[in-house]
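Chemist:
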Amino acid sequence: MKSGDLVIKRWGRIEPYQQGTVALCLGPKQAAGLLMTGPLVEILYPGYSPQLHKPSEFEVISESR
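The numbering used here runs 111 ahead of the 1-based position in the sequence shown.
1) Output the boundary residues of the beta strand (DSSP E) element that contains Leu146.
2) Helix, strand or coil, according to DSSP, for Ser173 in the structure here?
3) Around the C-beta of Gln130, are 16 or more other C-beta atoms found within 10 angstroms, so that it is buried, or is it exposed?
4) Along the chain, where does the beta strand (DSSP E) that runs through Ile67 open and close?
5) For Pro166, which of helix, strand or coil comes out of DSSP?
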């Protein structure tokens, strides 16, 4: 998963606004605290601020060039 990919959340906790909604992957990111560890990606949903998620929770539906 790289910057510019269109993704959809398939696994993990899925909030109502994430169900069936395509999001934009902004690329890999590091968490500032110890709450989230391991590889993370920044995901942008329409109408929401960017959020950090585990890449394993998402499926790439359209790759950027």
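In this text, a Cβ means the ideal position worked out from N, Cα and C, and glycines have one as well.
Modeler: Looking at the coordinates:
1) Run containing Leu146: none; DSSP gives neither H nor E here.
2) strand
3) exposed
4) For residue 67 there is no data in the structure shown, the boundaries of the chain being 112 and 176.
5) helix
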